[in-house]
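There are 2 protein chains.
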Amino acid sequence: MAKDFTTREQDYSKWYNELVVRADLAESSDVRGCMVIKPHGYAIWENMQSQLDKMFKQTGHSNAYFPLFIPKSYLSKEADHVEGFAKEAAVVTHYRLKNDEDGKGVVVDPEAKLEEELIVRPTSETIIWNSYRKWIQSYRDLPIKLNQWANVVRWEMRTRLFLRTAEFLWQEGHTAHATKDEAIEEAEQMLEVYAKFAEKYMAIPVVKGIKTESERFAGALETYCIEALMQDGKALQAGTSHFLGQNFAKAFDVKYASKEGKEEYVWATSWGVSTRLMGALIMTHSDDNGLVIPPKLAPIHVAIVPIYKNDEQFEAISKKAKEIKEKLEDKGFIVRFDDRDTHKPGWKFAEYEFKGVPTRIAIGPKDMEKGTVELARRDTLEKQFVPMDEVADIIPGLLDEIQENLFDRAKKFRDENTTEVDNWEDFKKAIKKGGFVSAHWDGTAETENKIKESTKATIRCIPLNNKKEDGKCVFSGNPSKERVLFAKAY
Amino acid sequence: MAKDFTTREQDYSKWYNELVVRADLAESSDVRGCMVIKPHGYAIWENMQSQLDKMFKQTGHSNAYFPLFIPKSYLSKEADHVEGFAKEAAVVTHYRLKNDEDGKGVVVDPEAKLEEELIVRPTSETIIWNSYRKWIQSYRDLPIKLNQWANVVRWEMRTRLFLRTAEFLWQEGHTAHATKDEAIEEAEQMLEVYAKFAEKYMAIPVVKGIKTESERFAGALETYCIEALMQDGKALQAGTSHFLGQNFAKAFDVKYASKEGKEEYVWATSWGVSTRLMGALIMTHSDDNGLVIPPKLAPIHVAIVPIYKNDEQFEAISKKAKEIKEKLEDKGFIVRFDDRDTHKPGWKFAEYEFKGVPTRIAIGPKDMEKGTVELARRDTLEKQFVPMDEVADIIPGLLDEIQENLFDRAKKFRDENTTEVDNWEDFKKAIKKGGFVSAHWDGTAETENKIKESTKATIRCIPLNNKKEDGKCVFSGNPSKERVLFAKAY
Ligand SMILES: [Zn+2]
Ligand SMILES: [Zn+2]
């Protein structure tokens, strides 16, 4: 299957595009910028959703659902927000089609024009805070901690599967609080949830930090983020959590009566991750043989492939395979016994390898004689013969090992590709080479912009718990108190 | 809480609308016809989703995701389909807003007009079959059995929360098969899945049947459905499964090479249930005291309310309550120990009653002395004192009993409100009284229409496995071979 498959070294970007399509994760649709998420890709996304949803509920959040459409005027209510989102929106102007007069097809009915245009949500702060106004009167109504799983649309001119699409799937948390401190705590807590999810489940090491003012979410006072490093040395923002201050409360007039009977504006956060995480997952772990999926998010943990020449062999092998399958299923693993006679074992090996199934068992006539099976692991491609009766006991530990190995490998790569530099020449070289570049910055948007123009590198974040260290801005030479993290980014 | 709450007898429709809002299930948004599904309502929907999703996977389906937008021209490709769906669609015509020249707000940028308008999906047959064309070449690519959880939009002029909204949430299954028989089997299998879900989980007895030609889904050769009866005597269609023949394969040119090497058009089904089921659930079981939720779909199974006058009492009761909670949680139940000091016990009782929590435990100082608790069940409102140490063992059986009782009660109501009639006068009387009316029909759309015009009753379905019985059409007197089921419907 991996025949004619572009390698990462040949063309990383082409490698990614081919991988997504050939591993049956997603494909482009005929609708500009919109993707079709295919079953294998969706199954991974479902596993992500399920784990994230559990973590949101563990931290006291409930799910709800708000309208897909946002009245145009809502977008204008928060000044920064409209600047950030109105420009690339899908606009609904009519609510009816009619038969074309020439009898062929349908046309928009000009009489069915909406009084006010509706925007397909690019994000839901405005529509949600319009509801919160009705829900919040007193401090007793606070906090409100909701999350929504939804599709959103941002009209993008250049799209790439999972990484940047006009429509994408995501979750957006929206919380309302009585105090500033509580809102900041919430935003920080959700950043921790995202970081834990990225590292523990996606096996992706991340840097937690805050965005500079110019990289903040439109309408936020502080944007917290997690940043990951892809194998081509470019950074990818894998989740953001925003402290929104009272901006949306003021825009939508959401006040509460405090315990002391005073009227106060409500404090807000929002936070989200999207199908973009699929792109991060693919690019962090996969290799020239195809997809690699961390066991904790894999739709199938073990594939079992029988090798046989006749019915008798097939039956004996099937019996053993099913025993192994059952033992593993009892331990909570998803096992596929691939007994299709339409494909040869070699084809199946290539298929499971390419699609990233973490472990694969092969059982042939010789194995039956010796009481062994061949056990292959996807991350290292190593194979070993293990006793047939023990394989179901070996696999859980092996899956843990694979999960850990993927994280360690990615962390080693990230650390090896993080460079501290202290002057402009080294900075340019380091950015050109790729990876995170840790450097002093004078704190001005002007310098940030000039660096971006000159090198295409942006400040990914000011890391949390950053070491304070006196230094000079790598670009302007002006004094600086701490290093920030630069990189070219997706 | 149930103060000032309209009773079913006073005004069934008002009762429903008030219930949905006051039980915090959903509310109207400012966007015409679009609802906000609030956390309590969404939690019930999530439980429905989770069970249905399991049943879809058990029957060999996978989830996927297709674009929200459908090019206008796709809708025209299947002739019946466009008639059914194009007329009430949300149409995206532009992809950008710009700042208004007067500096206030944003306006649609006339230069950002789409070449071809996009329709917000009212259902996804067209966009999915356009993909299937690329996915299917040979019989080896079949069957394809996909499901999608998604939002859809149908512009409705008169909307009601859950029952009829412009945007709603649903699942839509779309399958592709090599043979007609296999497609019919699939459509029938999914009807069985829906019926089982309705009866076993929602505790709603349903009649399985097929729709008459005039009530069929736009583009289907056969529409299977389940029909339920609400407490006001009106029927509600609770799920449909369509055998689509080769209509979409022909419209989108989807052919496969058979084992014998012949080119054949592919056979299709589609099937769906939506947030409309929430309306069915509410209207089937709830009463003048508020919502009643079957235990199998309840977000909380047990609420525990402490009654106390001082800290000492509170601590002793809390300790016991937490023990009970833990025992029940170990058995897999969701328990809420409501230790809020902001609300009085009476308020909490009313709250859990109104929101439909199946069982409620109260523990007061006297209970502590006697070693008892008060256990209340929501369906019958009965209360009993049971030993404190046994309540965690009693509740699982009680929840089963409640689930069964709700189904039996609804079935008794349905059966008592199903009338066989054999002449037009009785027919009109029976329809006026409400409920299902079983009568002979001559099989013509003309008669069906006249009956509808005269009585507002429609043929809900021709029941599956219907008894063959010679008779005369209740309207035309023409011969008939079986009875069909009429009712006024939601
Ligand atoms: Zn960052
Ligand atoms: Zn029916």
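Line order of the protein sequences matches chains A and B. Throughout the first sequence, residue numbering follows this note's numbering, covering 371 to 860 in sequence. Throughout the second sequence, residue numbering follows this note's numbering, covering 371 to 860 in sequence. Glycine is no exception: its CB is placed at the ideal position from the N, C-alpha and C atoms. Just so we're clear, the structure is a prediction, and the values are computed from it rather than from any experiment.
Query	Result
Where the beta strand (DSSP E) containing residue 378 of chain B begins and where it ends	Counting along the chain, residue 378 of chain B falls outside any beta strand (DSSP E), and DSSP gives it neither H nor E.
Residue range of the alpha helix (DSSP H) that includes residue 398 of chain B	From DSSP, residue 398 of chain B is part of no alpha helix (DSSP H) but of the beta strand (DSSP E) over 396 to 398.
Neighbour flag for residue 457 of chain B against chain A, beta carbons, 9 Å	yes
Below-9 Å beta-carbon distance, residue 641 of chain B vs any chain A residue	no
Nearest-angstrom Cα separation, counted from residue 772 of chain A out to residue 315 of chain A	Given that chain A is displayed from residue 371 to residue 860, the structure contains no residue 315 of chain A and the question cannot be resolved.
Chain A contact residues for residue 422 of chain B, given Cβ-Cβ distances below 7 Å	Within 7 Å Cβ-Cβ: nothing; residue 422 of chain B doesn't reach chain A, min ~14 Å.
Amino acids of chain B, ordered along the chain, whose beta-carbon sits closer than 8 Å to that of residue 525 of chain A	465 and 466
Beta-ladder partner(s) of residue 405 of chain A, from DSSP	A:398
Interface partners of residue 408 of chain A on chain B, CB under 7 Å	434
For residue 542 of chain B and residue 853 of chain A, the rounded distance between their alpha carbons	51 Å
Collapsed DSSP secondary structure at residue 345 of chain B in the structure displayed	Outside the displayed range of chain B (371 to 860) lies residue 345 of chain B, so it cannot be described from this structure.
Integer-rounded CB distance, given that residue 445 of chain A should sit under 8 Å from residue 476 of chain B	6 Å
Where residue 644 of chain A falls: helix, strand or coil (DSSP)	strand
Cβ separation of residue 654 of chain A and residue 596 of chain A, assumed to be a contact under 8 Å, to the nearest whole Å	At roughly 13 Å, the Cβ-Cβ gap does not stay under 8 Å, so residue 654 of chain A and residue 596 of chain A are not in contact.
Collapsed DSSP secondary structure at residue 419 of chain A in the structure displayed	helix
Presumed contact (8 Å Cβ cut-off) between residue 466 of chain A and residue 479 of chain A, rounded CB distance	4 Å
Option in A:825, A:495, A:781 and A:734 with minimal Cα separation from residue 716 of chain A	A:734
Three CB pairs or more closer than 8 Å across the region 527 to 536 of chain A and the region 607 to 626 of chain A	no
Range covered by the alpha helix (DSSP H) that runs through residue 591 of chain B	No alpha helix (DSSP H) contains residue 591 of chain B, which DSSP labels as neither H nor E.
Beta-carbon proximity check, residue 636 of chain A vs residue 440 of chain A, cutoff 9 Å	no
Contact belief for residue 758 of chain B with residue 647 of chain B at Cβ below 8 Å, rounded distance in angstroms	Not really, about 38 Å apart at Cβ, beyond 8 Å.
Simplified DSSP state of residue 433 of chain A, which is helix, strand or coil	strand
Closer than 9 Å to chain B by CB, residue 461 of chain A	yes
Paired residues, beta bridge with residue 521 of chain A - DSSP	A:539
Rounded separation between residue 685 of chain A and residue 412 of chain A - CA only	34 Å
Straight-line Cα distance separating residue 858 of chain A from residue 417 of chain B	43 Å
Residue 473 of chain B, buried or exposed, once every other Cβ within 10 Å from all chains shown has been counted against 16	exposed
Contact under 9 Å by Cβ, residue 580 of chain A with residue 834 of chain A	yes
Neighbourhood of residue 593 of chain A by C-beta, 6 Å cutoff - its chain only, sequence neighbours within 5 removed	581, 586, 587, 610 and 612
Residue 840 of chain B: first and last residue of the uninterrupted beta strand (DSSP E) it sits in	838 to 842
Nonlocal neighbours in the same chain, by C-beta distance under 7 Å from residue 843 of chain B, ignoring five residues either side	810, 811, 812, 817 and 850
Chain A within 9 Å of residue 489 of chain B, Cβ atoms only	yes
Beta-carbon proximity list for residue 633 of chain A, same chain, < 7 Å, skipping 5 on both sides	625 and 627
Test item: CB-CB of residue 524 of chain B and residue 387 of chain B under 9 Å	no
In DSSP terms, what residue 832 of chain B is bridged to	B:580
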